[in-house]
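Trainee: Residue numbers (this note's numbering): 1464 to 1706. Got a structure here, written out as structure tokens. Questions coming.
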Ligand code: PXP
């Protein structure tokens, strides 16, 4: 079974729109666990636009599943990660003006820095993952900085407007997954995944162990509730894997 990590940032986004106490990402995470989520993902951005420091603290203390903490590779966030000791730290690029994470990390241009970040988190027993585009050069660089895993950015595939374009992205994802597996990196995937578009990923991109999914699950939770929305996604992944 490919493990599902549910990203609860989007719950915090709604709360922060009113700067109030609801909806609560922790409550959503607990319901996601009831719905069958393997783990919970939260991105503490430097600008604190959605998830806040206290969310991370409460999530770590009160969820019973693994916490995947997404951060930029900056000193403040590395210190928070080391203090929090999540199950896994995922390094993502951050730009102030972006709506959501746009594109993967350029591992190649910061190898020494990422090697050092990885060393610092791994010596605390935290898994070290890098969010990258499906680019062989970035996969090789991820191996050189001793990441445990890479999360392949499925955003461009999800956003592609026609079949040709989608197929091109699938080919890139497939090649990157094979390359990562061959050099000993674990393979995860995420960004823009839905019950509709995940089936091609499951059938065409090998070696995926984990999905990180937020927006689609949280969006559907408005109609069917968080627990059911997660159940539906878990069911969808299971059904595709049986085909
Ligand atoms: N993976 C990473 C690194 C992300 O930044 C995000 C978005 O928060 C996701 C996965 C999940 O993407 P989505 O919300 O589109 O499902």
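We treat Cβ as the ideally placed atom computed from N, Cα and C, and that holds for glycine. As the structure is a prediction and not an experimental result, all values here were calculated from the model.
1. Examine ligand 2 and report whether any of its heavy atoms sits within less than 6 Å of the Cβ of residue 1518.
2. Judging by CA-CA distance, which residue of 1680, 1701, 1624 is the nearest neighbour of residue 1491?
3. May I have the straight-line CA-CA distance separating residue 1646 from residue 1688, to the nearest angstrom?
4. In terms of residues, what are the limits of the alpha helix (DSSP H) holding residue 1618?
5. Going by beta carbon distance, what residues of the same chain come within less than 7 Å of residue 1512, once the five residues before and after it are set aside?
6. Apart from the five residues on each side of it in sequence, which residues of its chain come closer than 7 Å, Cβ to Cβ, to residue 1576?
7. Throw me the rounded Cβ distance for the residue 1584 and residue 1545 pair, which I believe falls under 8 Å.
8. Give me the Cα-Cα distance between residue 1643 and residue 1671, rounded to the nearest whole angstrom.
9. Any idea what DSSP makes of residue 1554, helix, strand or coil?
10. In the DSSP assignment, find the unbroken beta strand (DSSP E) run with residue 1593 in it and report its ends.
11. List the whole-angstrom C-beta distance separating residue 1604 from residue 1574, where the pair is believed to meet the contact cut-off of C-beta under 8 Å.
12. Is residue 1622 buried or exposed, if buried means 16 or more other CB atoms sit within 10 Å of its CB?
13. Report the residue from 1579, 1595, 1701 whose alpha carbon sits nearest the alpha carbon of residue 1557.
Mentor: Per the coordinate set shown:
1. Annotation note on ligand 2: not contained in the displayed structure, which lists ligand 1 as its ligands.
2. Working through the chain shown from its first residue, we reach residue 1491 at position 28. Of the candidates 1680, 1701, 1624, the one whose C-alpha sits nearest the C-alpha of residue 1491 is 1680.
3. Locating residue 1646 in the chain shown gives position 183, where the first residue counts as 1. Locating residue 1688 in the chain shown gives position 225, where the first residue counts as 1. Cα to Cα, residue 1646 sits roughly 40 Å from residue 1688.
4. If you number the chain shown from 1, residue 1618 lands on position 155. 1618-1622 is the extent of the alpha helix (DSSP H) around residue 1618.
5. Against the chain shown, residue 1512 aligns to sequence position 49. Counting only Cβ-Cβ distances below 7 Å, and skipping sequence neighbours, we find 1479.
6. What you label residue 1576 is simply residue 113 of the chain shown in a count that begins at 1. Closer than 7 Å at the Cβ level, and outside the excluded window around residue 1576, lie 1536.
7. If you number the chain shown from 1, residue 1584 lands on position 121. If you number the chain shown from 1, residue 1545 lands on position 82. Between residue 1545 and residue 1584 the Cβ distance is about 7 Å, and since that is below 8 Å, they are a contact.
8. Taking the first residue of the chain shown as 1, we reach residue 1643 at position 180. Taking the first residue of the chain shown as 1, we reach residue 1671 at position 208. Their Cα atoms are separated by approximately 10 Å.
9. To locate residue 1554, count along the chain shown from 1; it is residue 91. Note: residue 1554 maps to strand in three-state DSSP.
10. Taking the first residue of the chain shown as position 1, residue 1593 is located at position 130. Per DSSP, residue 1593 belongs to the beta strand (DSSP E) from 1590-1595.
11. Taking the first residue of the chain shown as 1, we reach residue 1604 at position 141. Taking the first residue of the chain shown as 1, we reach residue 1574 at position 111. Rounded, the Cβ-Cβ distance is 6 Å, consistent with contact.
12. If you number the chain shown from 1, residue 1622 lands on position 159. Flag for residue 1622 reads exposed.
13. Your numbering for residue 1557 matches position 94 in the chain shown. Nearest C-alpha to residue 1557: 1595.
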